[in-house]
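Since the structure comes first, as structure tokens, the remarks are kept for the end.
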Amino acid sequence: MRRGRSGALPRGTAERALTSVGTGEEIQAPGGGGATETRSEPQPRGAEESRLWHVTLSVSGAEAPLKEVRRALEQLAHDHPFLLTSRYANDHAEIRYWEEARDLHDAAAVALRLWGEHRSTARLPPWEIVGLEVIDRETYHQRIAEGYGPPPASPVGVHPF
């Protein structure tokens, strides 16, 4: 049985069946007869390994003075040290950074909270999120190697469009 959306499977995957993974703890099966069964215990939530995700967050809204937008993005970069680069104009901005998270859902959730959570501390413009891209490290590097992806963030920092 497949779970998820119908259609093509993600690149590099094949039809997968859901299975249980035991802990290797064997116990005597009820009724004796020498048969054993394996009891599996669920893994703690934090036991899964974190991965790096490249995030591009796009925001836009009413025009704001360029100096204030730049200052706010510089403060955001100070508050969130993993920011790679920010590009901005007086009515929109794009923020790119690496996020460490267990999976895409966690990385996207953090990204969607970033602007709102830092709005008052960094005095960000009251813009709304209009775009979000979250890709894994392998996909990011593959895009760069194939020549169609966001150019590497250089120079790092806050820059006008």
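Okay, so the sequence shown: first residue is 1074 according to the numbering used here, each after it adds one. Glycine included, every Cβ here is placed at the ideal spot set by N, Cα and C. Here the structure is a predicted model, which is why all the values come from computation and not from measurement.
Spatial neighbours of residue i in its chain, beta-carbon cut-off 7 angstroms, leaving aside the 5 residues before and after
| i | result |
| --- | --- |
| VAL1229 | LEU1157, THR1158 |
| ALA1181 | LEU1205, VAL1207 |
| GLY1234 | Sequence check: residue 1234 is Phe here, not Gly. ARG1160, TYR1161, ALA1162. |
| LEU1146 | SER1159, TYR1161, ALA1166, VAL1231 |
| VAL1183 | GLU1172, ALA1174 |
Contact set for residue i: own chain, Cβ-Cβ below 8 angstroms, skip 5 residues either direction
| i | result |
| --- | --- |
| ARG1124 | GLU1173, ALA1174, ARG1175, ASP1176, ASP1209, ARG1210 |
| GLU1141 | ARG1196, PRO1198 |
Minimum C-alpha distance to residue i - residue among the options
| i | options | result |
| --- | --- | --- |
| SER1133 | GLU1122, ASN1163, HIS1178 | ASN1163 |
For residue j and residue i, the rounded distance between their alpha carbons
| i | j | result |
| --- | --- | --- |
| GLU1201 | HIS1191 | 13 angstroms |
| GLU1167 | TYR1161 | 6 angstroms |
| PRO1138 | GLU1219 | 38 angstroms |
| GLY1222 | ASP1179 | 23 angstroms |
| LEU1185 | THR1212 | 21 angstroms |
Cβ-Cβ distance between residue i and residue j below 9 angstroms
| i | j | result |
| --- | --- | --- |
| ARG1143 | VAL1203 | no |
| HIS1127 | ARG1169 | yes |
| HIS1165 | LEU1187 | no |
| ALA1150 | PRO1199 | no |
Same chain only: Cβ atoms within 6 angstroms of residue i, ignoring 5 sequence neighbours per side
| i | result |
| --- | --- |
| GLN1148 | ALA1195 |
| SER1131 | GLU1167, VAL1203, GLY1204 |
(message) I'd like the ranges of any alpha helix (DSSP H) spanning at least 4 consecutive residues and lying wholly in the region 1140 to 1203.
(response) 1177 to 1191
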